[in-house]
Amino acid sequence: MSQTGSPDPLGAPHGVWPGTTAGYPPDEWQLLVRLPGRVIVAASSAGPDNPVRAVTAGLAGLDGIAAGRSFDSELVRSVVVAIYAESDDGRSAPVRAGAADGDLAELLLSCRAVVETLARHADPADSAAYRQWVQSVAARVCRAAGSDGRPRPFGDPVEPEQRRVLDQLGEALGLRPTG
319 MSQTGSPDPL GAPHGVWPGT TAGYPPDEWQ LLVRLPGRVI VAASSAGPDN
369 PVRAVTAGLA GLDGIAAGRS FDSELVRSVV VAIYAESDDG RSAPVRAGAA
419 DGDLAELLLS CRAVVETLAR HADPADSAAY RQWVQSVAAR VCRAAGSDGR
469 PRPFGDPVEP EQRRVLDQLG EALGLRPTG
């Protein structure tokens with residue numbers, strides 16, 4: 319049975335290229351589909367606790383996910399379609415606010431598992447595009463609002479806690495050297 323909410327025999331949501339999803343076991347495909355949402359939660363939880371900032375950051379993350387529709391990567395576009403398909407069928411995973419360090423540690427483990435999955439199943443260009451897209455979602459979240467909840471002026475640095483999360487995500491996604 320498909321975990322993507324699709325009646326398609328290959329488990330691909332309508333509008334997703336079967337060649338993209340067919341190469342992934344269902345649990346690994348779900349990992350790819352769910353990771354961007356988990357990144358939004360972790361990145362929006364980093365920094366000052368401000369409800370206005372949290373909403374602004376969450377909306378920026380959703381915008382980052384939607385931006386994946388225009389990526390020059392079939393994999394990224396397919397994941398975005400699958401994310402929207404899950405949302406449309408009401409079966410998306412519950413989102414918890416307030417990621418703790420344990421949640422961040424779990425997220426980083428998931429990022430590393432995604433890197434391994436991509437190494438096994440994706441071509442190098444799609445792998446790089448997916449990992450960069452996920453990092454860009456986190457960066458949009460962190461740069462969306464200052465500690466007061468108002469939009470952050472262009473070029474303003476992110477909070478130290480947000481910088482730490484971005485750095486750790488970059489390392490876990492294989493985009494930055496570890497250390």
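Position one of the sequence shown corresponds to residue 319 (the working numbering), numbered consecutively onward. For glycine and all other residues, C-beta sits at the position ideal for the given N, C-alpha and C.
**Request:** Determine the DSSP secondary structure at residue 354, reduced to helix, strand or coil.
**Result:** Helix.
**Request:** Determine the contact status of residue 349 and residue 428, defining contact as a CB-CB distance below 8 Å.
**Result:** The answer is yes: Cβ separation under 8 Å.
**Request:** Please list, in chain order, all residues of the same chain as residue 416 whose beta carbon is under 6 Å from its beta carbon, the five residues on each side excluded.
**Result:** With a pLDDT of 44 at residue 416, under the threshold of 50, the modelled position of that residue is not reliable, and no figure is offered here.
**Request:** Inspect the beta-carbon positions of residue 457 and residue 484 and report whether they are closer than 8 Å.
**Result:** yes
**Request:** Run the CB neighbour count on residue 404, radius 10 Å, all protein chains shown included, and call it buried at 16 or more, exposed below.
**Result:** buried
**Prompt:** Going by the CB atoms, is the gap between residue 488 and residue 474 shorter than 8 Å?
**Reply:** No, the pair does not count as a contact, with Cβ atoms beyond the cut-off.
**Item:** For residue 377, the nearest candidate out of 357, 392, 393 (CA to CA)
**Value:** 357
**Prompt:** Can you pull the DSSP bridge partners for residue 343?
**Reply:** In the DSSP output, where bridge partners are listed per residue, residue 343 has none listed.
**Prompt:** Are there 16 or more other CB atoms within 10 angstroms of the CB of residue 388, so buried, or fewer, so exposed?
**Reply:** By the neighbour-count rule (16 or more Cβ atoms within 10 Å), residue 388 is not buried but exposed.
**Message:** Would residue 480 and residue 460 be called neighbours here (beta carbons separated by less than 8 Å)?
**Reply:** Their beta carbons are under 8 Å apart, which means residue 480 touches residue 460 by this criterion.
**Request:** Look at the alpha carbon of residue 341 and the alpha carbon of residue 439, and state the distance between them as a whole number of angstroms.
**Result:** 6 Å
**Request:** Taking residue 448 and residue 493 to be in contact with their CB atoms under 8 Å, please state how far apart those CB atoms are, rounded to whole angstroms.
**Result:** Between residue 493 and residue 448 the Cβ distance is about 11 Å, and since that is not below 8 Å, they are no contact.
**Prompt:** Should residue 478 go down as buried or exposed, given a rule of 16 or more other Cβ atoms within 10 Å for buried?
**Reply:** By the neighbour-count criterion, in which a residue is buried when 16 or more other Cβ atoms sit within 10 angstroms of its Cβ, residue 478 is exposed.
**Asked** Quick one: is residue 325 buried, meaning 16 or more other Cβ sit within 10 Å of its Cβ, or exposed?
**Response** Bear in mind that the predicted position of residue 325 carries a pLDDT of just 34, short of 50, making it too unreliable to give a figure here.
**Request:** Check the DSSP bridge columns for residue 469 and list the partner residues they point to.
**Result:** 463
**Request:** Grab me the residues of residue 491's own chain with a C-beta within less than 7 Å of its C-beta, minus the 5 sequence neighbours each way, in chain order.
**Result:** The residues are 429, 433, 449, 452, 453.
**Prompt:** With DSSP run on the structure shown, which of helix, strand or coil describes residue 493?
**Reply:** coil
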